[in-house]
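Line by line, the protein sequences are chains A and B. Counting the first sequence from 1 gives a position; our numbering is that position plus 985. Counting the second sequence from 1 gives a position; our numbering is that position plus 985. Note that beta-carbon positions come from the ideal geometry of N, C-alpha and C, so glycine has one too. Nothing here was measured: the structure is a model prediction, and the numbers come from that model. Structure record follows, encoded as structure tokens.
2 protein chains.
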Amino acid sequence: MANSVPRPSAEDAATVPPPDTKRATSGAAAASLHGEVLARLRDYIVEGNLADGARIPERRLCEMFGISRTPLREALKVLASEGLVDLLPNRGARVRTLSPQDIRELFDLMGGLEALAGRLACESISDDEIAEIERLHHQMYAFYLRRDLHEYFQSNQMIHRKIVEAARNQALSLAYASCAGRVRRVRYAANLARKRDRWGEAMREHEAILDALRRRAGSELSDIMFLHLRNKQAAAAEHLSADPAPAPQQFTGVLHSK
Amino acid sequence: MANSVPRPSAEDAATVPPPDTKRATSGAAAASLHGEVLARLRDYIVEGNLADGARIPERRLCEMFGISRTPLREALKVLASEGLVDLLPNRGARVRTLSPQDIRELFDLMGGLEALAGRLACESISDDEIAEIERLHHQMYAFYLRRDLHEYFQSNQMIHRKIVEAARNQALSLAYASCAGRVRRVRYAANLARKRDRWGEAMREHEAILDALRRRAGSELSDIMFLHLRNKQAAAAEHLSADPAPAPQQFTGVLHSK
DNA sequence: CGGACCAAAATTGCATTCAAAATTTAGGAA
DNA sequence: TTCCTAAATTTTGAATGCAATTTTGGTCCG
């Protein structure tokens, strides 16, 4: 009876994770089990905790989250529609494996979305917001000099996120987040590229971005953003072709509730 | 037996629509109940058969499709994640009402996606594909002269779809289809604009699009596409502000199985 | 007449159950 | 042993059941 599914009838309330769990997920977690599981499972997958193509038995996930199959399956359908998992009829869910073609397409889509973000940002961004992006840019430069990949990566992402935010378009932000989530694992690879001068290249591109932003040159910035993503894509492809197997941990264990 | 709702309770097995129903949906219909209901319900909503903001009792939908609540609820969650319906906790699903802000955002997003499509299309479109788009353009011109709004609208959409297809990017196509579905109702309004010279304006813009396509001027086409959508948005806004109430039919009755 | 309050009915969220696949396992022949 | 077949087990897809919340309808009071 240790980790059996919670029975609403019995007084056994200890199987469910602490109630504050709902806060631990990214974004706004819904009050419903479905919403919470959706957010948590999405994070879990996006963060690369499940091997590509690994089968995900519903039973296991249910135990992991301490819920029944109904809300879990609802979450899986949504994740499938987001492109994070594949749902094979009668054969369960698998973490979606991205083919090189998929990756190219998603990078281009991201490029298009960022191009749009840049264009829109130029219409309404404030000087303060630009200053904030400049600050991040300098911060990133520091990490670049220090060769601190992780922090560099974080700053980089933050800059892109700020530009998307500056577009003041919720629909765009959502589409961008979804796209970014799908390529997250791969994206990291762009910075691991052999000829590590990709870093310096990216720095120069960011400077061009800032320059266009300051001038509110939307159309121009749009081009720069797209090409920036194309270059990032090339770097990622270069790295991935050299070292194609990410091989994350196998599925096992229980999701920590905190 | 004319069009009364099917009752699943009795031994009456004939409640389910004929099996070939699954083919009646747009795109590829899944073999599962969930997949079929998802596609059918999405079409039903996109085509504007439900009033904006109308509450959609699960029970009613279940009877409409002749299924139980489980697959229906899965479909609703997916539609909610696509932005077609709102899911209020404990208070059911409603057709999502688009605020003017939402509409602006979605049009801009569409503009960004089409801008991307144009840019990518220039990289790989064939002369034959361009010829096909030219053909559609002339066809549209004929409908323009004839003032045939419906056919004009169809040709117009087809041209845009062809450009998106020419981009050869599945991820983009999906994102575009989702976005287009959400604004479909409103989009039609753009062509109803009072000063009907919006039509002529659109014709000229399409000529510019074709010109850029022929020259494979990706960056330029990208700008044109975005602005084209901005103009379409302005026309739609103009029409909607004058006649804000679309007021589609109330929810009732059974979905025809064919 | 209008608004607050409360019981009845309907609706939602989730767990459980059941049938139809798929997967695994056991057994036997070449 | 290896390959093939078939029963047993697991897993999925969908229906049903049940507690909790919301909505509805009605009554009483101001």
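Same chain only: Cβ atoms within 6 Å of residue i, ignoring 5 sequence neighbours per side
| i | result |
| --- | --- |
| Phe1211(A) | Gly1096 and Ala1100 |
| Ser1011(B) | Unreliable positioning characterises Ser1011(B) in this predicted model, as indicated by a pLDDT of 48, which lies under 50. The coordinate reading is nonetheless provided below. Contacts found: Asp1028. |
| Ala1151(B) | Ala1106, Ile1110 and Glu1114 |
| Glu1190(A) | His1213 |
| Ser1066(B) | none |
Listed by chain order, chain A residues near residue i by CB distance under 9 Å
| i | result |
| --- | --- |
| Leu1157(B) | Glu1090, Asp1093, Leu1094 and Gly1097 |
| Ser1109(B) | In chain order: nothing, as chain A lies at least about 12 Å away. |
| Asn1176(B) | Those within 9 Å of Asn1176(B) in chain A number zero; the least Cβ separation is about 22 Å. |
For residue i, the nearest candidate out of the options (CA to CA)
| i | options | result |
| --- | --- | --- |
| Glu1119(B) | Ser1066(B), Leu1046(B) and His1145(B) | His1145(B) |
| Ala1102(B) | Ser1226(B), Gln1218(B), Ser1207(B) and Asn1216(B) | Ser1207(B) |
| Glu1048(B) | Leu1064(B), Lys1062(B), Asp1196(B) and Leu1026(B) | Leu1026(B) |
| Ser1226(A) | Leu1177(A), Ile1041(A), Asp1133(A) and Arg1169(A) | Leu1177(A) |
| Leu1073(A) | Ala1222(A), Gly1038(A) and Tyr1173(A) | Gly1038(A) |
| Ile1052(A) | Ile1041(A), Asp1087(A), Glu1021(A) and Ile1030(A) | Glu1021(A) |
| Ser1084(B) | Ala1187(B), Glu1186(B), Val1168(B) and Asp1182(B) | Val1168(B) |
| Ala1193(A) | Arg1201(A), Gly1185(A), Ala1160(A) and Ile1209(A) | Ile1209(A) |
| Arg1170(B) | Gln1124(B), Glu1067(B), Ile1088(B) and Arg1201(B) | Ile1088(B) |
| Gln1124(B) | Ala1202(B), Ala1162(B) and Met1188(B) | Met1188(B) |
| Asp1182(B) | Ala1160(B), Asn1216(B), Ser1204(B) and Ser1163(B) | Asn1216(B) |
| Arg1132(B) | Arg1200(B), Trp1184(B) and Leu1159(B) | Trp1184(B) |
| Leu1195(A) | Asp1093(A), Glu1067(A), His1122(A) and Gln1142(A) | His1122(A) |
| Ala1165(B) | Leu1094(B), Leu1046(B), Arg1045(B) and Leu1134(B) | Leu1094(B) |
| Ala1220(A) | Leu1159(A), Arg1153(A), Ala1175(A) and Leu1130(A) | Ala1175(A) |
| Arg1200(B) | Gln1218(B), Met1143(B), Asp1112(B) and Leu1130(B) | Asp1112(B) |
Neighbour flag for residue i against chain A, beta carbons, 8 Å
| i | result |
| --- | --- |
| Val1063(B) | yes |
| Leu1105(B) | yes |
| Glu1186(B) | no |
| Glu1150(B) | no |
| Glu1059(B) | yes |
| Pro1085(B) | no |
| Asn1034(B) | no |
| Phe1138(B) | no |
| Ser1011(B) | Note that Ser1011(B) has pLDDT 48, beneath the 50 cutoff, so the model's placement of it is unreliable and no number is given. |
Interface partners of residue i on chain A, CB under 8 Å
| i | result |
| --- | --- |
| Asp1208(B) | Ser1204 and Ser1207 |
| Arg1040(B) | Within chain A, no residue comes near Arg1040(B); the closest Cβ sits about 18 Å away, beyond 8 Å. |
| His1019(B) | Lys1062 |
Min CB distance residue i to chain B below 8 Å
| i | result |
| --- | --- |
| Ser1066(A) | yes |
| Glu1223(A) | no |
| Thr1055(A) | yes |
| Phe1050(A) | no |
| Ala1227(A) | no |
| Leu1101(A) | yes |
| Asn1216(A) | no |
| Asn1141(A) | no |
Coil, strand or helix - residue i by DSSP
| i | result |
| --- | --- |
| Arg1132(B) | coil |
| Ala1009(A) | Confidence at Ala1009(A) is low in this model, with a pLDDT of 41, below 50, so the placement of that residue is unreliable and no value is reported for it. |
| Leu1073(A) | strand |
| Ile1118(B) | helix |
| Ala1222(B) | helix |
| Arg1025(B) | helix |
| Lys1243(B) | Low confidence applies to Lys1243(B): its pLDDT is 32, below 50, so where it sits in the model is not reliable enough to give any reading. |
| Arg1146(A) | helix |
| Ile1110(A) | coil |
| Arg1200(A) | coil |
| Ile1194(A) | helix |
| Arg1153(B) | coil |
| Arg1040(A) | strand |
| Arg1169(A) | helix |
Cβ shell of residue i (< 7 Å), same chain only, five flanking positions each side left out
| i | result |
| --- | --- |
| His1019(B) | Pro1056, Glu1059 and Ala1060 |
| Tyr1173(A) | Phe1138 |
| Arg1154(A) | For the sequence presented, residue 1154(A) should be read as Asn rather than Arg. Here the set comprises Leu1105. |
Same chain, Cβ closer than 8 Å to residue i, neighbours up to 5 away in sequence not counted
| i | result |
| --- | --- |
| Glu1043(A) | Arg1054, Leu1057, Arg1058, Leu1061, Gly1077 and Ala1078 |
| Leu1198(A) | Gly1103, Ala1106, Cys1107, Ile1110, Ile1115, Ile1118, Ile1148 and Leu1206 |
| Val1070(B) | Ile1030, Ile1041, Leu1061, Leu1064, Ala1078, Arg1079, Val1080 and Arg1081 |
| Leu1157(B) | Leu1098, Leu1101, Ala1102, Leu1105 and Val1149 |
Per-residue contacts from residue i into chain B (C-beta, under 8 Å)
| i | result |
| --- | --- |
| Ala1016(A) | Pro1074 |
| Phe1128(A) | Those within 8 Å of Phe1128(A) in chain B number zero; the least Cβ separation is about 30 Å. |
Residues that residue i contacts on chain B, provided the C-beta gap is smaller than 7 Å
| i | result |
| --- | --- |
| Ala1160(A) | Leu1094 and Ala1160 |
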